[in-house]
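Trainee:
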Amino acid sequence: MKNIKSHFRFNKQERSGIFFLLLVIILFQGAHFYFNIQSVPETESPFSVNAELQAEIDALKKLQAEKDSFKMYPFNPNFISDHKGYALGMSVMEIDRLHAFRALNQFANSVDEFQEVTQVSDSLLHKISPYFKFPEWTQKKSKRLTTSSTAAKSSMLVRQKVVEVRDLNLITAEELKIINGIGEKLSARIIKFRNRLGGVLVNEQLLDVYGLEPIVVERTLKRFRVLQPPQIKQININTASINEISNLVYISYSVAQKIVDYRENNGRINSFDELRDIEGFANDKIDRIQLYLSLH
Numbered sequence: 000m001k002n003i004k005s006h007f008r009f010n011k012q013e014r015s016g017i018f019f020l021l022l023v024i025i026l027f028q029g030a031h032f033y034f035n036i037q038s039v040p041e042t043e044s045p046f047s048v049n050a051e052l053q054a055e056i057d058a059l060k061k062l063q064a065e066k067d068s069f070k071m072y073p074f075n076p077n078f079i080s081d082h083k084g085y086a087l088g089m090s091v092m093e094i095d096r097l098h099a100f101r102a103l104n105q106f107a108n109s110v111d112e113f114q115e116v117t118q119v120s121d122s123l124l125h126k127i128s129p130y131f132k133f134p135e136w137t138q139k140k141s142k143r144l145t146t147s148s149t150a151a152k153s154s155m156l157v158r159q160k161v162v163e164v165r166d167l168n169l170i171t172a173e174e175l176k177i178i179n180g181i182g183e184k185l186s187a188r189i190i191k192f193r194n195r196l197g198g199v200l201v202n203e204q205l206l207d208v209y210g211l212e213p214i215v216v217e218r219t220l221k222r223f224r225v226l227q228p229p230q231i232k233q234i235n236i237n238t239a240s241i242n243e244i245s246n247l248v249y250i251s252y253s254v255a256q257k258i259v260d261y262r263e264n265n266g267r268i269n270s271f272d273e274l275r276d277i278e279g280f281a282n283d284k285i286d287r288i289q290l291y292l293s294l295h
């Protein structure tokens, strides 16, 4: 049988041509891969920071550094800017109070007035007030008032101070608004609180008005105090109904119900201290609450 010649058999020249062609293909593919790699843009690092955000961070760092290294020189506190207020250690609320006061074209002419307007803490005021520089005319005026030696003027000032203190049970909401920190809502709330009680018996009861800060109470008591305690009708907690007891602003309906339940289960209440056992009773205010209650 004759041998069949394979179609896949190549002579030496053909094999050389094939190998050369394969070499060209490999070189071409290698060059293509190399240039593609070179043209790929570098990917952004996952840890890179947005330029705008970084600028903001740098600004905050700079501001903090300025605050830490802040050197104070004499200045008029009426013109404190947001930046300077922050550097001095004032809070946003304190700075806003000053700016609101200045928007009314008003000026603080003493350290005490500045604190009254801004409500800054005593510790911060002690730190920054030595650098306050008020206009000379305000200081001269203050000096004239404090160094006046005439008996007539002194007695007049004393009388004025006495007149300025009015009875807390007789004032109106409008009069309360002269106190820094008391506006439309708080003045109305104080009057409503007083009227529901039938009158305020002790000055400390202002602390029980919702939303009235202790510092504002302190300012208020410089102008308004209980001068003549009113005559009130006390509530007999041994005979009063739930509704009658809950009419007292200090006692809610649910607490009044518990007082009546306690009374029915344990008999007569003989001491106001027993009210401390009532769940929900305002024990911290018992000294003021018992002024409006009776046991007999």
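Quick note on numbering: the sequence shown equals residues 0 to 295 in numbering that gives the first Met the number 0.
Think of the CB as a built atom: it goes at the ideal place given N, C-alpha and C, for glycine as much as any other residue.
Report the residue from L52, D121, G180 and E55 whose alpha carbon sits nearest the alpha carbon of A99.
Mentor: The shortest Cα separation from A99 among L52, D121, G180 and E55 belongs to G180.
Trainee: Check the C-beta distance from R96 over to N77 and give it rounded, since I have them as a contact under 8 Å.
Mentor: About 13 Å separates the two Cβ atoms, so there is no contact after all.
Trainee: Per DSSP, what kind of secondary structure is R165 in: helix, strand or coil?
Mentor: Three-state DSSP puts R165 in a strand.
Trainee: Identify the residues that DSSP records as bridge partners of S293: which are they?
Mentor: According to DSSP, S293 bridges with N235.
Trainee: Can you tell me whether G198 is buried or exposed, with buried defined as 16 or more other CB within 10 angstroms of its CB?
Mentor: Label assigned to G198: buried.
Trainee: Looking only at its chain, what residues have a beta carbon closer than 8 Å to the beta carbon of L220, apart from the 5 residues adjacent to it on each side?
Mentor: Around L220: N202 and L205.
Trainee: Quick check: the stretch 270–278 against the stretch 213–229, are at least 3 beta-carbon pairs closer than 8 Å?
Mentor: Counting Cβ pairs under 8 Å, fewer than three are found: no touch.
Trainee: Near N282, what residues of its chain come up, given a Cβ to Cβ distance below 6 Å and the 5 sequence neighbours on each side ignored?
Mentor: Cβ within range, chain order: R275.
Trainee: Hey, how far is the Cα of L169 from the Cα of I79?
Mentor: Cα to Cα, L169 sits roughly 39 Å from I79.
Trainee: Per DSSP, F131 forms a beta bridge with which residues?
Mentor: In the DSSP output, where bridge partners are listed per residue, F131 has F74.
Trainee: Is S154 helix, strand or coil by DSSP?
Mentor: Model confidence at S154 stands at a pLDDT of 49, short of 50, so the residue's coordinates are unreliable; what they give is reported in the following sentence. Residue state, collapsed to three classes: helix.
Trainee: Given a cut-off of 8 Å, decide if V215 and I189 are closer than it, judged by their beta-carbon atoms.
Mentor: Cβ atoms of I189 and V215: not closer than 8 Å.
Trainee: To which residues of the same chain is R267 closer than 6 Å at the C-beta, ignoring the five residues directly before and after it?
Mentor: Only N237 meet the Cβ criterion.
Trainee: Would DSSP call R222 helix, strand or coil?
Mentor: Reduced to three states, the DSSP call for R222 is coil.
Trainee: Buried or exposed for T117, going by 16 or more other Cβ atoms inside 10 Å?
Mentor: With 16 or more other Cβ atoms within 10 Å, it is buried.
Trainee: Using a Cβ cut-off of 8 Å (strictly closer), state whether I250 contacts chain C.
Mentor: Protein chains in the displayed structure number just one, and chain C is not present.
Trainee: For the putative contact between I244 and I231, defined by C-beta atoms under 8 Å, what is the C-beta separation to the nearest angstrom?
Mentor: Wrong, their Cβ atoms sit about 15 Å apart, outside the cutoff.
Trainee: Measuring CA to CA, which of L247, F106 and P229 is closest to N235?
Mentor: Here the closest residue by C-alpha is L247.
Trainee: Please state the DSSP three-state secondary structure of I17.
Mentor: Residue state, collapsed to three classes: helix.
Trainee: Who are the Cβ neighbours of E278 in its own chain at under 7 Å, not counting the five residues just before and after it?
Mentor: Correct list, in chain order: K257.
Trainee: Need the endpoints of the alpha helix (DSSP H) that S253 sits in, please.
Mentor: S253 -> alpha helix (DSSP H) spans Y252 to N265.
Trainee: Do the CB positions of L196 and S186 come within less than 8 Å of each other?
Mentor: Cβ atoms of L196 and S186: not closer than 8 Å.
Trainee: Suppose you measure from the CA of S120 to the CA of I241; what does that come to, to the nearest Å?
Mentor: Whole-angstrom Cα-Cα distance: 44 Å.
Trainee: For V208, does the count of other Cβ atoms within 10 angstroms reach 16, so buried, or fall short, so exposed?
Mentor: Burial call: buried.
Trainee: Going by beta carbon distance, what residues of the same chain come within less than 8 Å of N75, once the five residues before and after it are set aside?
Mentor: For N75, where only same-chain residues beyond five positions count, the Cβ hits under 8 Å are F131, K132, F133 and P134.
Trainee: Which word fits L226, buried or exposed, when buried means at least 16 other C-beta atoms lie within 10 angstroms of its C-beta?
Mentor: That one is exposed.
Trainee: What are the boundary residues of the alpha helix (DSSP H) that F192 is part of?
Mentor: Taken as a continuous stretch (DSSP letters only), the alpha helix (DSSP H) holding F192 covers E183 to L196.
Trainee: Run the CB neighbour count on R193, radius 10 Å, all protein chains shown included, and call it buried at 16 or more, exposed below.
Mentor: Label assigned to R193: buried.
Trainee: Count the other CB atoms, across all protein chains shown, that sit within 10 Å of the CB of E173; report buried if there are 16 or more and exposed otherwise.
Mentor: E173 is exposed by the Cβ-count criterion.
Trainee: For R165, which residues of its own chain have a beta-carbon under 6 Å away from its beta-carbon, when the five flanking residues on both sides are left out?
Mentor: Closer than 6 Å at the Cβ level, and outside the excluded window around R165, lie F223.
Trainee: Tell whether a beta-carbon distance below 8 Å holds between K123 and G88.
Mentor: One detail in the question is off: residue 123 reads as Leu in this sequence, not Lys. Yes.
Trainee: If you draw a straight line from the C-alpha of M92 to the C-alpha of G84, how long is it?
Mentor: If I take the Cα positions, the gap works out to 11 Å.
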